[in-house]
Amino acid sequence: MVRPPEGTAPVLELVGIDLHYGYVKALHGIDCKIRPGEVVGLLGDNGAGKSTLLKVLSGAHKPSAGMIRVNGQEVVFSRPRDAAEAGVQMVYQDLALVDSRDIATNLCLGRETLRKGPLGWLGFLDKKAMRRAAERELASLGVTTASMSHPVEMLSGGQRQVVALARSAMRVTGSQRGVLLLDEPTAALGYEQTRQVEELIKRLAERGIGIILVTHNLPLCVAVADRIVVLNRGRKVADIATEEADNDAIVGWITGSKAPQEQLAG
Amino acid sequence: MTHTSTQDRDAPAAATPPGAVAARRIGRPNPVSVLVFARDRGMIVLWVLMLAAFSIWAQPYFATFTNATLIANAAAITAIFAAGVAFGVLTGLLDLSLPGTAAVAGIVTGKVLISGAPVLVAILAGLAVGPIVGLANGLIVLRGMNPLVVTIGTLSVLTGLASVISGGVPVDGLYALHAIGTDSYFRIPAPVFVAAALFVVGTIFLTKTRGGTRMLSVGGNAEAVRRAGVSSSRYVLLGFMLVSTCAALGGIVIAAFVTSAAPTPSTSVLFEALTAVALSGMPLSGGRGSLPRVLVGALIIQTISSALVIKGVQPYWSTVLTGVLLLAALIAERSLTVAVANRVVEQKPAAQKAAVKKAGS
Amino acid sequence: MPRTHVLTCALALLATTGLAACGSSDDSTGTGASATKVTIGFSPYNQSAPALVGLAKGVEALAESKGASTLIADPNNDPTKQAQQIRTWIELGQVDAVWVLALNPTAIKSLIPLAQSKGVGLLATGTPADYGQSATAAGLSYSVIDYAAYGTAIGTALAECAKERLGGSAKALFLANPAGSTGKAQQDEAIKAALTAGAPGSTIVATVDNKNDRLESQKGTLTAIQANSDLNAAIGVSDESTMGPVTAFTQAGKDPAKSCIVGAGGSDEALAAVKSGKVYADVAIQFSEDMAQSVDELVRFAADPKAEGKQLLTPFKTVKK
Numbered sequence: 011m012v013r014p015p016e017g018t019a020p021v022l023e024l025v026g027i028d029l030h031y032g033y034v035k036a037l038h039g040i041d042c043k044i045r046p047g048e049v050v051g052l053l054g055d056n057g058a059g060k061s062t063l064l065k066v067l068s069g070a071h072k073p074s075a076g077m078i079r080v081n082g083q084e085v086v087f088s089r090p091r092d093a094a095e096a097g098v099q100m101v102y103q104d105l106a107l108v109d110s111r112d113i114a115t116n117l118c119l120g121r122e123t124l125r126k127g128p129l130g131w132l133g134f135l136d137k138k139a140m141r142r143a144a145e146r147e148l149a150s151l152g153v154t155t156a157s158m159s160h161p162v163e164m165l166s167g168g169q170r171q172v173v174a175l176a177r178s179a180m181r182v183t184g185s186q187r188g189v190l191l192l193d194e195p196t197a198a199l200g201y202e203q204t205r206q207v208e209e210l211i212k213r214l215a216e217r218g219i220g221i222i223l224v225t226h227n228l229p230l231c232v233a234v235a236d237r238i239v240v241l242n243r244g245r246k247v248a249d250i251a252t253e254e255a256d257n258d259a260i261v262g263w264i265t266g267s268k269a270p271q272e273q274l275a276g
Numbered sequence: 168m169t170h171t172s173t174q175d176r177d178a179p180a181a182a183t184p185p186g187a188v189a190a191r192r193i194g195r196p197n198p199v200s201v202l203v204f205a206r207d208r209g210m211i212v213l214w215v216l217m218l219a220a221f222s223i224w225a226q227p228y229f230a231t232f233t234n235a236t237l238i239a240n241a242a243a244i245t246a247i248f249a250a251g252v253a254f255g256v257l258t259g260l261l262d263l264s265l266p267g268t269a270a271v272a273g274i275v276t277g278k279v280l281i282s283g284a285p286v287l288v289a290i291l292a293g294l295a296v297g298p299i300v301g302l303a304n305g306l307i308v309l310r311g312m313n314p315l316v317v318t319i320g321t322l323s324v325l326t327g328l329a330s331v332i333s334g335g336v337p338v339d340g341l342y343a344l345h346a347i348g349t350d351s352y353f354r355i356p357a358p359v360f361v362a363a364a365l366f367v368v369g370t371i372f373l374t375k376t377r378g379g380t381r382m383l384s385v386g387g388n389a390e391a392v393r394r395a396g397v398s399s400s401r402y403v404l405l406g407f408m409l410v411s412t413c414a415a416l417g418g419i420v421i422a423a424f425v426t427s428a429a430p431t432p433s434t435s436v437l438f439e440a441l442t443a444v445a446l447s448g449m450p451l452s453g454g455r456g457s458l459p460r461v462l463v464g465a466l467i468i469q470t471i472s473s474a475l476v477i478k479g480v481q482p483y484w485s486t487v488l489t490g491v492l493l494l495a496a497l498i499a500e501r502s503l504t505v506a507v508a509n510r511v512v513e514q515k516p517a518a519q520k521a522a523v524k525k526a527g528s
Numbered sequence: 013m014p015r016t017h018v019l020t021c022a023l024a025l026l027a028t029t030g031l032a033a034c035g036s037s038d039d040s041t042g043t044g045a046s047a048t049k050v051t052i053g054f055s056p057y058n059q060s061a062p063a064l065v066g067l068a069k070g071v072e073a074l075a076e077s078k079g080a081s082t083l084i085a086d087p088n089n090d091p092t093k094q095a096q097q098i099r100t101w102i103e104l105g106q107v108d109a110v111w112v113l114a115l116n117p118t119a120i121k122s123l124i125p126l127a128q129s130k131g132v133g134l135l136a137t138g139t140p141a142d143y144g145q146s147a148t149a150a151g152l153s154y155s156v157i158d159y160a161a162y163g164t165a166i167g168t169a170l171a172e173c174a175k176e177r178l179g180g181s182a183k184a185l186f187l188a189n190p191a192g193s194t195g196k197a198q199q200d201e202a203i204k205a206a207l208t209a210g211a212p213g214s215t216i217v218a219t220v221d222n223k224n225d226r227l228e229s230q231k232g233t234l235t236a237i238q239a240n241s242d243l244n245a246a247i248g249v250s251d252e253s254t255m256g257p258v259t260a261f262t263q264a265g266k267d268p269a270k271s272c273i274v275g276a277g278g279s280d281e282a283l284a285a286v287k288s289g290k291v292y293a294d295v296a297i298q299f300s301e302d303m304a305q306s307v308d309e310l311v312r313f314a315a316d317p318k319a320e321g322k323q324l325l326t327p328f329k330t331v332k333k
């Protein structure tokens, strides 16, 4: 894990995020900074607020109070599209893949390549170009599959996860550093496939993409994350570099048996 | 699956660069290839077998050029409506207002023609009914209502409308529409050309254009499309408009063939169209299917009908036979899909297996 | 909040009752029965088929000319609704006599005792047997198409055409009604018998189901022609099965004016085809005559609810050029 130097400007910053559901306060004053290329593991028990925080970050929920900054600029997300355009891409647990279509179609969904010339005006696709772009993208992630033209439903769980990750990665790569939000990416995967996804996350981080990883899988978190943030009942109770944390402490923070960290890293 | 070029088989795995993630190779063992072939082209094989069987049973009249043109003609009319149903199902909707749109379109064309306008104007006027009805259907459904219920409602409205516009009487004497109705070119009836053109354009649209591919994706998983930043509503509207335009075209072609436009919608036409789509193995969940196979479905229905008429068998046997065939085709398609899925996911954990089985429906 | 809830419920109830009250009179046009003027009720299958709309208008006008007002029902092809509407009329004393084109005689059968007790005359389509009666009764008349006579007229017309145009030997396609159609057996038998009697050298070489549909009739004729290339005649038993063969013959290169297409139904299009020679003869139901005799029967019952019932026959006429 290559940590970005301390002084690097954060790609994503949360300041005092609150969220009320009627009388219930789901999030209390969450502060967090993510630097480009940093992988932050977001841990917590069920109901701790991890998914809620992801929803806020992905634009699905507006926070009741607080501020979000992307690359230093304050942003307000009215809907998921705004977040996506600002460079925050969420990879959902259900992957949101179109099972009946092939890898290339899924990867290029929404940004298909059209043919040059009059055929392009009529909307004709340049399928070869799309296929090449998809192959390029997967290759750069160190993944090769036999063919681009198989429907995605025929892939194994791990491969589908890879496709979903690759699709979101394609959208955050560019001049503007982006953030990927991963919601339980290895929940349904076996050991081997989890390792594959682990490698993929590292590779994406190497590109300079900030990654927030929500997971119940502690070993995975410890393996890929540079930092670990623990939520408990909507509050941040720990924000610590992975190498400084030990498993017992983490579990203690998650269950609430351990007191919140004194010096919470901003 | 849409009818794209043949799937790649057994492509050699690329040499994995050092340190790269070892990807699982998707091989194509022979049993799977056979099963996929059976699932995709089984209908055509069935039809060819039927032609051979009927040529012997209903000889000598069945296997003649004239009879072929009759089957093609009947299939063409069914196929135009079946294309409409197919566009809807592929987008993930079921539109039952087809017969109403067909009736209104036929009446509009008839009335405009009778009033003295040129043929092309009359046809365009009738065709215009399609996108209008489709837009109305789509806008209402996008407000969050069930397409089935909405289109049943619009069917009622259109039925009434057809009666009102026509004054309750059929519009007769539409001989001027002969170019797309009663004429034959190179001894092939005009409606066949209309249907052929529709299917060629439709297939190209679905498989080769951005609009088509997005529409299919919306049918497969509308949520995924939305999350990719594409407006799924736009493609729902497009789907509805395509359905109704096919219905309008069908209504006009029938009026041309029969030289009379009737204000009463024909539900039997919708039934045949649905059967053709179901025979083609298109899942009602949406997002996958092949337009050319729908055409084969329509041909199969009319082939059976033709043979039975020639042999003088009671008409209800035709219905029974079509129904039995439909059930057999659905069961076969389902077993083949599951068999393919099982073969490919041999090494997957059990959870994934279940997920793929569901995807195959 | 609970109080407004109750209020809304009360309002809804009121509205529903009000609408229901309006609803029962929605099905009827014209004024209710009054002591002075006679009111007759007319219940056809629906008010969407053009022929029935026209018929209803005709009944109204004719009744008016005889000093009676009319109530018209629209059962929209629902037999239960039809019975309900008539029951309402009789119970509320809105009508003096009713002419019903019964969608299902069994549903109307239950009304007979009520009608008799309230002195409301009933003219129903069919025969006494259809209604579980052995014969006509006081205040109870029936009106029926004599399917045998209908068929004979069609068969005779074809025989005549065969002799006139085809040297006595017609090879005919019979476009029969679907199985289960009313009167099909008598009609089909009569057609065949009349044809054989009038033109012994003529035969029915093929039969197709007309499915009560014009497109199906046309398609069926085309298929039959290519299986029997010497086909030179067609027998239709309705408007759809008459006009279908006309177009099909033309498409197949056979001139209808030189063939023998006979039909039935009496639509304007069919009668026009008779005039132009494409259809040799059309057995047309005489709607206005039928209407006149029916209205007369109703007026008769209105004057004397105990008048003896009759079995009326729907008149038809063979229309030739």
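Top to bottom, those sequences are chains A, B and C. Taking my numbering, the leading residue of the first sequence gets 11, the next gets one more, and so forth. Taking my numbering, the leading residue of the second sequence gets 168, the next gets one more, and so forth. Taking my numbering, the leading residue of the third sequence gets 13, the next gets one more, and so forth. Every residue gets a Cβ at the ideal spot worked out from N, C-alpha and C, and that includes glycine.
Report task. Give the residues of chain B in contact with Thr-115 of chain A, contact being defined as C-beta atoms less than 9 Å apart. Result -> To locate residue 115 of chain A, count along the first sequence from 1; it is residue 105. Chain B residues near Thr-115 of chain A: Thr-380, Leu-383, Ser-384.
Report task. Return the chain-ordered list of same chain residues with a C-beta closer than 7 Å to the C-beta of Thr-41 of chain C, the five sequence neighbours on each side being excluded. Result -> Stepping through the third sequence from its first residue, residue 41 of chain C is reached at position 29. Since pLDDT at Thr-41 of chain C reaches only 42, below the 50 mark, its modelled position is unreliable, and the value read off the structure follows with that caveat. Same-chain partners within the cutoff: Leu-83, Ile-84.
Query raised in the report: For Arg-89 of chain A, which residues in chain B fall below 9 Å Cβ to Cβ?
Result: Along the first sequence, read from residue 1 onward, the residue named residue 89 of chain A stands at position 79. Result: empty, since nearest Cβ-Cβ is about 10 Å, beyond 9 Å.
Query - Simplified DSSP state of Arg-191 of chain B, which is helix, strand or coil - result: Taking the second sequence and counting its residues from 1, one reaches residue 191 of chain B at position 24. Interpretation of Arg-191 of chain B is limited by its pLDDT of 40, a score under 50 that renders its predicted location unreliable; the figure taken from the coordinates is listed afterwards. The DSSP-derived three-state label of Arg-191 of chain B is coil.
**Report entry** Beta-carbon proximity check, Met-77 of chain A vs Ile-27 of chain A, cutoff 9 Å
**Finding:** Against the first sequence, residue 77 of chain A aligns to sequence position 67. Against the first sequence, residue 27 of chain A aligns to sequence position 17. Their beta carbons are under 9 Å apart, which means Met-77 of chain A touches Ile-27 of chain A by this criterion.
Query raised in the report: Applying a beta-carbon distance threshold of less than 7 Å, which residues of chain C neighbour Tyr-228 of chain B?
Result: Translated into the one-based positions of the second sequence, residue 228 of chain B becomes position 61. What Tyr-228 of chain B touches in chain C: Gln-238, Ala-239.
Query raised in the report: According to DSSP, is Arg-45 of chain A helix, strand or coil?
Result: By one-based count along the first sequence, residue 45 of chain A stands at place 35. In the three-state reduction of the DSSP assignment, Arg-45 of chain A falls in the coil class, being assigned neither a helical nor a strand state.
Query raised in the report: What residues in the stretch 233 to 247 of chain B have a beta carbon less than 7 Å from any beta carbon of chain C?
Result: Within the stretch 233 to 247 of chain B, the residues whose Cβ lies closer than 7 Å to some Cβ of chain C are Thr-233, Asn-234, Leu-237, Ala-241, listed in chain order.
Query - The beta strand (DSSP E) enclosing Ala-246 of chain C, as first and last residue numbers - result: On the third sequence, residue 246 of chain C is found 234 positions in, with the first residue counted as 1. Segment 245 to 247, the beta strand (DSSP E) holding Ala-246 of chain C.
**Report entry** Cα-Cα separation between Thr-225 of chain A and Cys-413 of chain B, rounded to whole angstroms
**Finding:** Along the first sequence, read from residue 1 onward, the residue named residue 225 of chain A stands at position 215. Along the second sequence, read from residue 1 onward, the residue named residue 413 of chain B stands at position 246. Straight across, the Cα-Cα distance linking Thr-225 of chain A with Cys-413 of chain B is about 49 Å.
Report task. With DSSP collapsed to three states, give me the class of His-71 of chain A. Result -> Translated into the one-based positions of the first sequence, residue 71 of chain A becomes position 61. Coil at His-71 of chain A, not helix or strand.
Report task. Please compile the residues from chain C whose C-beta is within a distance smaller than 7 Å of the C-beta of Gly-293 of chain B. Result -> If you number the second sequence from 1, residue 293 of chain B lands on position 126. Among the residues of chain C, none has a CB under 7 Å from the CB of Gly-293 of chain B; the nearest is roughly 17 Å distant.
Report task. Within its chain, find whatever has a CB closer than 7 Å to the CB of Met-140 of chain A; leave out the 5 residues flanking it on each side and keep chain order. Result -> As a working mapping, residue 140 of chain A is identified with position 130 in the first sequence. For Met-140 of chain A, same chain residues with a beta-carbon under 7 Å away, outside a window of 5 residues either side, are Ala-114, Cys-118, Glu-122, Thr-123 in chain order.
Query - Below-9 Å beta-carbon distance, Asp-193 of chain A vs any chain B residue - result: Position 183 of the first sequence, counting from 1, holds the residue named residue 193 of chain A. Not one chain B Cβ lies under 9 Å of Asp-193 of chain A.
Requested in this report: Could you tell me how far apart the beta carbons of Leu-324 of chain C and Ala-109 of chain C are, in whole angstroms, since I believe they sit closer than 8 Å?
Outcome: To locate residue 324 of chain C, count along the third sequence from 1; it is residue 312. To locate residue 109 of chain C, count along the third sequence from 1; it is residue 97. Rounded to the nearest angstrom, the Cβ distance from Leu-324 of chain C to Ala-109 of chain C is 14 Å, too far for a contact under 8 Å.
Report task. Find the nearest neighbour of Val-338 of chain B within the set B:Ala-219, B:Thr-426, B:Leu-309, B:Pro-298, judged by alpha-carbon distance. Result -> Translated into the one-based positions of the second sequence, residue 338 of chain B becomes position 171. Looking at the Cα atoms, B:Thr-426 is the closest of the given residues.
Query raised in the report: Considering Ser-384 of chain B, what are the terminal residues of the beta strand (DSSP E) in which it resides?
Result: Locating residue 384 of chain B in the second sequence gives position 217, where the first residue counts as 1. Note, Ser-384 of chain B: premise wrong, no beta strand (DSSP E); alpha helix (DSSP H) at 377 to 394.
Requested in this report: List the DSSP bridge partners of Pro-356 of chain B.
Outcome: As a working mapping, residue 356 of chain B is identified with position 189 in the second sequence. In DSSP, Pro-356 of chain B forms a bridge with B:Ser-351.
Query raised in the report: Would the stretch 383 to 399 of chain B and the stretch 237 to 245 of chain B be scored as touching if the rule is three or more Cβ pairs under 8 Å?
Result: In this structure the stretch 383 to 399 of chain B does not lie against the stretch 237 to 245 of chain B, because fewer than three pairs of beta carbons, one per stretch, are closer than 8 Å.
Requested in this report: Kindly list, in the order they appear in chain A, the residues whose Cβ is closer than 8 Å to that of Arg-377 of chain B.
Outcome: Start at 1 with the first residue of the second sequence, and residue 377 of chain B comes out as number 210. Result: Glu-122, Leu-124, Gly-133, Phe-134, Leu-135.
Requested in this report: Could you give the DSSP three-state label for Phe-299 of chain C: helix, strand or coil?
Outcome: Counted from its first residue, the third sequence places residue 299 of chain C at position 287. Correct three-state label for Phe-299 of chain C: helix.
Report task. Give the single residue among A:Ser-74, A:Pro-46, A:Leu-64, A:Thr-183 whose Cα lies nearest to the Cα of Tyr-33 of chain A. Result -> Indexing the first sequence from 1 puts residue 33 of chain A at position 23. If we check each option's Cα against that of Tyr-33 of chain A, A:Ser-74 comes out closest.
Query raised in the report: Going by the beta-carbon positions, is the gap between Ala-289 of chain B and Gly-277 of chain B smaller than 9 Å?
Result: Taking the second sequence and counting its residues from 1, the one referred to as residue 289 of chain B is at position 122. Taking the second sequence and counting its residues from 1, the one referred to as residue 277 of chain B is at position 110. Between Ala-289 of chain B and Gly-277 of chain B, the gap from beta carbon to beta carbon is short of 9 Å.
Query raised in the report: Can you round the beta-carbon distance between Val-21 of chain A and Pro-46 of chain A to whole angstroms, since I take them to be within the 8 Å contact cut?
Result: The residue you call residue 21 of chain A lines up with position 11 of the first sequence. The residue you call residue 46 of chain A lines up with position 36 of the first sequence. About 5 Å; that satisfies the 8 Å criterion.
Query raised in the report: Between Gly-532 of chain B and Ala-63 of chain C, what straight-line distance do the alpha-carbon atoms span, to the nearest angstrom?
Result: Only positions 168 to 528 of chain B appear in the structure, and residue 532 of chain B is not among them; the question remains open.
Report task. Scan the stretch 106 to 179 of chain C and note each continuous beta strand (DSSP E) run of 3 residues or more that stays entirely inside, going in chain order. Result -> Those beta strand (DSSP E) runs which fall completely within the stretch 106 to 179 of chain C and span 3+ residues are 109 to 112, 133 to 137, 152 to 156.
Query - Whole beta strand (DSSP E) elements within the stretch 242 to 295 of chain C, 3-residue minimum - result: Here the runs fully enclosed are 245 to 247, 272 to 276.
Query raised in the report: How many whole angstroms separate the CB atoms of Asp-221 of chain C and Pro-482 of chain B, which I take to be in contact at a CB cut-off of 8 Å?
Result: Against the third sequence, residue 221 of chain C aligns to sequence position 209. Against the second sequence, residue 482 of chain B aligns to sequence position 315. Approximately 4 Å separates the beta-carbon atoms of Asp-221 of chain C and Pro-482 of chain B; this is inside 8 Å, confirming the contact.
Requested in this report: Counting only the same chain and skipping the five closest in sequence on each side, list residues whose C-beta sits under 6 Å from that of Ala-58 of chain A.
Outcome: Taking the first sequence and counting its residues from 1, the one referred to as residue 58 of chain A is at position 48. Hits under 6 Å: Leu-241, Asn-242.
Query - Stretch pair the stretch 172 to 182 of chain C + the stretch 226 to 233 of chain C: three plus CB contacts closer than 8 Å - result: Counting C-beta pairs with one atom in each stretch, the stretch 172 to 182 of chain C and the stretch 226 to 233 of chain C have fewer than three that are closer than 8 Å, which means they do not touch.
Requested in this report: Please work out which residues of its chain come closer than 6 Å, Cβ to Cβ, to Thr-470 of chain B, disregarding the five sequence neighbours upstream and downstream, and give them in chain order.
Outcome: Mapped onto the second sequence, residue 470 of chain B falls at position 303. Around Thr-470 of chain B: Met-217, Ile-238.
Requested in this report: Enumerate in chain order the residues of its own chain whose CB-to-CB distance from Glu-99 of chain C is below 8 Å, with the five nearest sequence positions on each side excluded.
Outcome: Taking the third sequence and counting its residues from 1, the one referred to as residue 99 of chain C is at position 87. The residue you asked about is not Glu; residue 99 of chain C is Arg in the sequence shown. Correct list, in chain order: Leu-123, Leu-126.
Query raised in the report: Which partner residues does Gln-83 of chain A have in the DSSP bridge list?
Result: By one-based count along the first sequence, residue 83 of chain A stands at place 73. According to DSSP, which records beta bridges pairwise, Gln-83 of chain A is partnered with A:Val-80.
**Report entry** Sequence-distant residues of the same chain with beta carbon closer than 7 Å to Arg-213 of chain A, five excluded per side
**Finding:** Counted from its first residue, the first sequence places residue 213 of chain A at position 203. Excluding residues within five positions, the ones whose Cβ falls inside 7 Å are Leu-151, Gly-152.
Report task. Please confirm if Ser-250 of chain C has its CB atom under 9 Å from at least one CB of chain B. Result -> Position 238 of the third sequence, counted from the start, is the residue given in the question as residue 250 of chain C. It does not; no Cβ of chain B falls within 9 Å.
Query raised in the report: Residues of chain C with a CB under 9 Å from the CB of Ser-427 of chain B: which are they?
Result: Start at 1 with the first residue of the second sequence, and residue 427 of chain B comes out as number 260. The answer, in chain order, is Arg-226, Met-255, Thr-259, Glu-281.
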